[in-house]
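Participant: Right, I'll just put the structure down here and ask away after.
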Amino acid sequence: MGRKKEGQKMDTLSSETDQKMVAVFKVLSDVNRYRMFRMLSEHPKISISEIAKSLEISLPLASQHIKILTQANLIKKERDGKKVFPKLDYDNPLVRTVVKTIQLAVTSNT
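See below:
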């Protein structure tokens, strides 16, 4: 009987982790959100307007993508005077893992 409970507990933990991973992949499956994430990993102090200009999208669309990334706990907003900058949330282990994966992919393609 103890084994069954232990197995059920592992299934629950696994499904929670699986759900978090699926949510991250779903958010990053949009090419603009992925590019934003990558830009933030390479340029930690870039504004939303600079991101929008670089991606050739409107500022409202860029802001909407930032909101989705924030809701997924992938980024947080940091205030510097009157300006607010999106920053990767390195407290989230998934963020650190995705950044490492991107870096590996970029270096292996060069």
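Each step along the sequence shown adds one to the number in this note's numbering, with nothing skipped, and position 48 is 822. A virtual CB, placed ideally from N, CA and C, is assigned to each residue, including glycine.
Rounded to whole angstroms, what is the Cα-Cα separation between methionine 775 and serine 788?
Facilitator: Residue confidence is low: methionine 775 scores 48 on pLDDT, short of 50, so the model does not pin down where it sits. No coordinate-derived value is stated.
Participant: Give the straight-line distance between the Cα atoms of leucine 802 and alanine 836, rounded to the nearest whole angstrom.
Facilitator: 14 Å
Participant: Determine whether the beta carbon atoms of isoleucine 849 and proline 860 lie at a separation below 7 Å.
Facilitator: Taking 7 Å as the cut-off, the beta carbon of isoleucine 849 is found closer than this to the beta carbon of proline 860.
Participant: Roughly how many whole angstroms lie between the Cα atoms of glutamate 830 and threonine 844?
Facilitator: 21 Å
Participant: Between the segment 870–884 and the segment 809–818, can you find at least three pairs of beta-carbon atoms closer than 8 Å?
Facilitator: yes
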